[in-house]
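A.B. asks:
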Amino acid sequence: MSTTLMMNELSLSVHGIDLRFTTNSPVLADSVSELLGHFAQRMQDPSGAIKVQFEAVEKREDIPVLVTGAARHLYSGSGTVIGDDRRNTWACDIYLDQGRLIADFRAEGIVVIEGASAKAQGYLVRPDSMQSDIRASFVHFALMELLKRRGLYTFHATALEKDGQGILIPGYSGRGKTTTFLSLLRSGYRYLSDDHPLFRAEGGRLELLPFPMKVNVTERTVEFFPELRDASARVLRSGAPKRCFHVEDVYPGPLGVVCQPVLILFPHIIDAPHSRLELLSKQEALKTILPHCLLVYDPDVARREFVALTQLVRQADCYRLHFGRDVLDLPWLITPLLQARKLRMRH
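Start counting the sequence shown at 0; every next residue gets the next number (numbering that gives the first Met the number 0).
#1: Output yes if chain B places a C-beta closer than 8 angstroms to the C-beta of Thr179; else output no.
#2: Please work out which residues of its chain come closer than 7 angstroms, Cβ to Cβ, to Val124, disregarding the five sequence neighbours upstream and downstream, and give them in chain order.
#3: Roughly how many whole angstroms lie between the Cα atoms of His36 and Phe210?
#4: Asp84 to Asp92, Cα distance in whole Å?
#5: DSSP puts Gly108 in a beta bridge; with which residues?
#6: When the Cα atoms are used, what is the spatial distance from Ile81 to Gln130?
#7: Cβ atoms of Gly255 and Glu113: under 8 angstroms apart, would you say?
#8: Between which two residues does the beta strand (DSSP E) containing His321 stretch?
#9: Would the beta-carbon of Arg233 fall within 8 angstroms of that of Arg242?
#10: Assuming contact is defined by CB atoms lying nearer than 8 angstroms, are Ala200 and Gln310 in contact in what I supplied?
#11: Do three or more CB pairs link the stretch 133-149 to the stretch 181-193 at distances below 8 angstroms?
#12: Using C-beta distances below 8 angstroms, list every residue in its chain close to Met6, excluding the 5 sequence neighbours before and after it, in chain order.
#13: Just to confirm the assignment, what range does the alpha helix (DSSP H) spanning His139 have?
#14: Given a cut-off of 8 angstroms, decide if Leu337 and Leu262 are closer than it, judged by their beta-carbon atoms.
#15: Counting along the chain, where does the beta strand (DSSP E) carrying Ser10 start and finish?
#16: What residues match up with Val56 in a beta bridge as DSSP calls it?
#17: Exposed or buried, which one is Met344 when buried takes at least 16 other CB atoms within 10 Å?
#18: For the candidate residues Lys286, Ala156, Ala48 and Gln164, whose alpha-carbon lies nearest to that of Leu205?
#19: To the nearest angstrom, how far is it from the Cα of Asp270 to the Cα of Asp325?
#20: Looking at the secondary structure, which residues open and close the beta strand (DSSP E) in which Arg99 lies?
#21: Take the Cβ of Arg41 as the centre, count every other Cβ of all protein chains shown within 10 Å, and call the residue buried at 16 or more, exposed below.
#22: Look up Phe154 in the DSSP assignment and say whether it is helix, strand or coil.
#23: Would a C-beta distance cut-off of 8 angstroms place Phe322 and Ile268 closer than the cut-off?
#24: Would you grab the beta carbon distance between Ile16 and Ile62 for me? Rounded to a whole angstrom, and I think it's under 8 angstroms.
#25: By alpha-carbon positions, which one of Arg303, Asp127 and Val31 ends up nearest to Thr153?
#26: Just list the beta strand (DSSP E) runs in the stretch 265-346, keeping only unbroken ones of 3 residues or longer that don't cross its boundaries, in chain order.
#27: Pick out the complete alpha helix (DSSP H) segments inside the stretch 164-190, 4 residues or longer, and give them in chain order.
#28: Ordered along the chain, which non-local residues of its own chain (more than five positions away) have a Cβ less than 7 angstroms from that of Asp297?
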């Protein structure tokens, strides 16, 4: 196994949950520093910190983890196809083995989650040959698994905040999720997350919390927004299959704050000059949002997350957004909903 004596360490607090990350890979340390760069670089109670350690190895055979014959297979899947060679970003099998959750990413490595002791151990095969976002995604997976066990959940969605009100926009790729997000962001809404906002139950109410990450955009999305079309290559960086930028480099307003979600929009692109809203029942909204939550492998965690999601849908107004060609005018449709909601709460 290839190791170095020098370990790179990052200690921080993720919305009050302390994290200590260590690795022997400088490139992985850089990627994780970028992923978590918005969080406070200090811990409040180091004794209760969750611990994530990743080691770089030269080849798959160097990984000292074996799935036993008693392991229960929970899931198999693969990630998005990228690049000219059309390879998968990841392929994964997940097992429950002697109380440990083992995510076998095959040629890329293995991540072991020990939920009871709040620890994760990962092994990546030659992380220096991976794209930075791919390297960080393995750590993000481990972190999310441990945060779930502390009552902090996530889903595939964009999220914004305006005047203390949270807007959540779940959606599959190609449904207009990021385009909706950018249309609101450029009009004065504040950024929470482009892909993985966090949420938790707090005092009987649901809260949306920031998880700032780079924003990934397709060429089609770029064409809608003059500030992206005119951005330099230093700001709007190339990537596969999308380009990316940091929000503060294009929209220099402050980061959004922890807030209560009051509006959930499920975007759906239509070929029409104007966008319109369709009110969804709570039952339909819950059914629609569930596929956008990350897989949960622990039954107790799954139950708690489902209760939190039910609360989320109950307290928010839910709409299907039929997203037309009036991309830049979308705030005219959405902002009155927030104003009406605020007026309703006052009375």
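Note that the Cβ used here is the ideal one computed from N, Cα and C, for glycine as well.
C.D. replies: Per the coordinate set shown:
#1: Reference to chain B is not applicable here, since this structure consists of a single protein chain.
#2: Sequence index remark: in the sequence shown, residue 124 carries index 125 (1-based). Answer for Val124: Val56, Lys58, Arg59, Ala106, Glu107 and Gly108, listed in chain order.
#3: One-based indexing of the sequence shown puts residue 36 at position 37. One-based indexing of the sequence shown puts residue 210 at position 211. A small correction: the amino acid at residue 36 is Gly; His does not occupy that position in the sequence shown. Going from the Cα of Gly36 to the Cα of Phe210 covers about 10 angstroms.
#4: Counted from its first residue, the sequence shown places residue 84 at position 85. Counted from its first residue, the sequence shown places residue 92 at position 93. Low per-residue confidence applies at Asp84: pLDDT is 41, beneath 50, and the placement is therefore not dependable, though the value from the model is reported in the following sentence. Their Cα atoms are separated by approximately 23 angstroms.
#5: Taking the first residue of the sequence shown as position 1, residue 108 is located at position 109. Within the DSSP bridge table, the entry for Gly108 names Leu123 as partners.
#6: As a working mapping, residue 81 is identified with position 82 in the sequence shown. As a working mapping, residue 130 is identified with position 131 in the sequence shown. Note that Ile81 scores a pLDDT of 44, beneath 50, so its modelled location is shaky and nothing firm can be said.
#7: As a first step, residue 113 is located in the sequence shown; it is residue number 114 there, counting from the start. As a first step, residue 255 is located in the sequence shown; it is residue number 256 there, counting from the start. Their beta carbons are not under 8 angstroms apart, which means Glu113 does not touch Gly255 by this criterion.
#8: On the sequence shown, position 322 is the one that residue 321 refers to. Asp316 to Phe322 is the span of the beta strand (DSSP E), which, as asked, contains His321.
#9: Start at 1 with the first residue of the sequence shown, and residue 233 comes out as number 234. Start at 1 with the first residue of the sequence shown, and residue 242 comes out as number 243. No, they are not a contact pair.
#10: Reading the sequence shown from its first residue, position 201 is the one you call residue 200. Reading the sequence shown from its first residue, position 311 is the one you call residue 310. Taking 8 angstroms as the Cβ cut-off, Ala200 and Gln310 qualify as a contacting pair.
#11: no
#12: To locate residue 6, count along the sequence shown from 1; it is residue 7. Answer for Met6: Thr21, Thr22 and Asn23, listed in chain order.
#13: For the purposes of this step, residue 139 is taken as residue 140 along the sequence shown, with counting starting at 1. Ser131 to Lys147 is the span of the alpha helix (DSSP H), which, as asked, contains His139.
#14: Walking along the sequence shown from the start, residue 262 turns up at place 263. Walking along the sequence shown from the start, residue 337 turns up at place 338. Result yes, Cβ atoms of Leu262 and Leu337 sit closer than 8 angstroms.
#15: Counting from one through the sequence shown, the residue named residue 10 turns up at place 11. Asn7 to Val13 is the extent of the beta strand (DSSP E) around Ser10.
#16: Here residue 56 refers to the residue found at position 57 when the sequence shown is read from its first residue. Answer by DSSP bridge pairing, in chain order: Val124.
#17: Taking the first residue of the sequence shown as position 1, residue 344 is located at position 345. It is exposed - the Cβ of Met344 has fewer than 16 other Cβ atoms within 10 Å.
#18: On the sequence shown, residue 205 is found 206 positions in, with the first residue counted as 1. Among Lys286, Ala156, Ala48 and Gln164, the Cα nearest to that of Leu205 is on Gln164.
#19: One-based indexing of the sequence shown puts residue 270 at position 271. One-based indexing of the sequence shown puts residue 325 at position 326. Looking at the two C-alpha atoms, the distance is approximately 10 angstroms.
#20: Looking up residue 99 in the sequence shown gives position 100. Residues Arg99 to Asp103.
#21: Sequence index remark: in the sequence shown, residue 41 carries index 42 (1-based). It counts as exposed.
#22: Stepping through the sequence shown from its first residue, residue 154 is reached at position 155. Residue state, collapsed to three classes: strand.
#23: Against the sequence shown, residue 322 aligns to sequence position 323. Against the sequence shown, residue 268 aligns to sequence position 269. Yes.
#24: Taking the sequence shown and counting its residues from 1, one reaches residue 16 at position 17. Taking the sequence shown and counting its residues from 1, one reaches residue 62 at position 63. Contact doesn't hold; Cβ gap of about 28 angstroms is too wide.
#25: Stepping through the sequence shown from its first residue, residue 153 is reached at position 154. Nearest of Arg303, Asp127 and Val31 to Thr153, Cα basis: Arg303.
#26: 275-278 and 316-322
#27: 176-184
#28: Numbered from its first residue, the sequence shown carries residue 297 at position 298. Once the five neighbours on either side are set aside, the close Cβ partners of Asp297 are Gly114.
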